[in-house]
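Heads up: the structure comes next, in structure tokens.
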Amino acid sequence: MSRIIFVIHDQGWCAPLLGDVDLFKKVISVRHIPKDMIQKWQFIRRYYREECKMYSIVDDVVSLAEQTKRILEDIYHVKSSKIHLIPNGRKVESQLLSEKELARLRMELGIGKDENVFLYAGRTVESKGIIPLLMAFESAYKKYKDIRLVIAGQVFMLNDYARITKCSCSHIVYTGLIPEEEMEKWYQVADVCVLPSYTEQCSYFGIEMLAHGKTIIASDGHNMKDMFDNDVALIAAIQGSFSLFSVELLKRIKEALCLQKNKRALMQKVSKKKFEDIYSIIKMKDNYLSLINSYNL
Numbered sequence: 031m032s033r034i035i036f037v038i039h040d041q042g043w044c045a046p047l048l049g050d051v052d053l054f055k056k057v058i059s060v061r062h063i064p065k066d067m068i069q070k071w072q073f074i075r076r077y078y079r080e081e082c083k084m085y086s087i088v089d090d091v092v093s094l095a096e097q098t099k100r101i102l103e104d105i106y107h108v109k110s111s112k113i114h115l116i117p118n119g120r121k122v123e124s125q126l127l128s129e130k131e132l133a134r135l136r137m138e139l140g141i142g143k144d145e146n147v148f149l150y151a152g153r154t155v156e157s158k159g160i161i162p163l164l165m166a167f168e169s170a171y172k173k174y175k176d177i178r179l180v181i182a183g184q185v186f187m188l189n190d191y192a193r194i195t196k197c198s199c200s201h202i203v204y205t206g207l208i209p210e211e212e213m214e215k216w217y218q219v220a221d222v223c224v225l226p227s228y229t230e231q232c233s234y235f236g237i238e239m240l241a242h243g244k245t246i247i248a249s250d251g252h253n254m255k256d257m258f259d260n261d262v263a264l265i266a267a268i269q270g271s272f273s274l275f276s277v278e279l280l281k282r283i284k285e286a287l288c289l290q291k292n293k294r295a296l297m298q299k300v301s302k303k304k305f306e307d308i309y310s311i312i313k314m315k316d317n318y319l320s321l322i323n324s325y326n327l
């Protein structure tokens, strides 16, 4: 009598293929695997078969994003009636600080009076776009000395990142994993939030950026278009290499620094409304209740 709901937190091909859907189709369909790709492609094919098996066993599959829903239908061949689109939800309580309180907080965190703070949150892994972001920040720092990049989250390969940011290293803060109340301080002082991911399902950092009404730089990666468009973010198009993508991110960094106040205010207003309409914890709860109540248990 039980029913099983499977929620897709991620799919096995997304990170290894940096969200490239066309390449994923090729990996699972070709008869002969290139020699230099055998280990990676065989892993993805095995994982794909396991995912197909799981989706067939369960009664319902919850997708967090529209693009993943289409992939479930077109590539995994899951029946549409079995798929439910329910984005993540988040309860965000952001306190509006006075200019005096904000100035005190910036001083506490070691932020200069005229510095522009760019905030990135997440693990420093390839699929999150950290390498092109660092490359773009290094280039931007050569022209704009009043910028600072804050990287909040678990840090990997710090020595490699240091080599990328030889000039700007003194203007990059690595917080490591920090509690929610500390993260809220960085949201308060941030001028721009950056999410340069190649692939996401439904990023909690993305949700929090929208909720705080921050100026946003986002990529056009896998599932990112569901959350960000030109009304709420400055979009950096992913190109074929780290260096090309970093050029796009650099353009958006420059654009953010020069953004007119009225346009910035309008984008922030639209961001907050999108959070309330789609990504609030109330909306998420209602969607899951609707799914559960449909069982008529």
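Numbering (this note's numbering), first residue to last: 31 to 327.
Glycine residues also receive a C-beta, built at the ideal position from the N, C-alpha and C atoms.
Buried or exposed: Gln72, going by 16 or more other Cβ atoms within 10 Å of its Cβ? exposed
Residue interval of the alpha helix (DSSP H) (run including Tyr309): Careful: Tyr309 lies outside any alpha helix (DSSP H) and carries neither H nor E.
Is Ala220 near Gly183, with beta carbons less than 7 Å apart? no
Separation of Val222 from Arg282, as counted between CA atoms: 11 Å
Quick check: the Cα distance between Lys172 and Ser124, rounded to an integer number of angstroms? 33 Å
What are the start and end residues of the alpha helix (DSSP H) that includes Tyr228? Per DSSP, Tyr228 belongs to no alpha helix (DSSP H) and is neither H nor E.
Below 7 Å between beta carbons: does that hold for Gly119 and Pro226? no
Please report the residue range of the beta strand (DSSP E) in which His114 lies. 113-115
Is it buried or exposed for Pro117, if we count other Cβ within 10 angstroms and need 16 for buried? buried
Does the Cβ of Asp256 have 16 or more other Cβ atoms within 10 Å, making it buried, or fewer, making it exposed? buried
Compare the Cα-Cα distances from Met233 to each of Ile308, Lys196, Ser111 and report the closest residue. The residue asked about is misnamed: residue 233 is Ser in this sequence, not Met. Taking only the C-alpha atoms, the option nearest Ser233 is Ile308.
Would you kindly check if the distance between the Cβ of Val185 and the Cβ of Thr154 is under 7 Å? yes
Leaving out the 5 sequence neighbours to the left and right, which residues in its chain are closer than 7 Å to Lys112 when beta-carbon positions are compared? Asp90, Val91
Where the alpha helix (DSSP H) containing Thr195 begins and where it ends: It is not in any alpha helix (DSSP H) - Thr195 carries neither H nor E in the DSSP assignment.
Exposure label - Pro162; buried when at least 16 CB within 10 Å: buried
What is the DSSP secondary structure of Ile35, reduced to helix, strand or coil? strand
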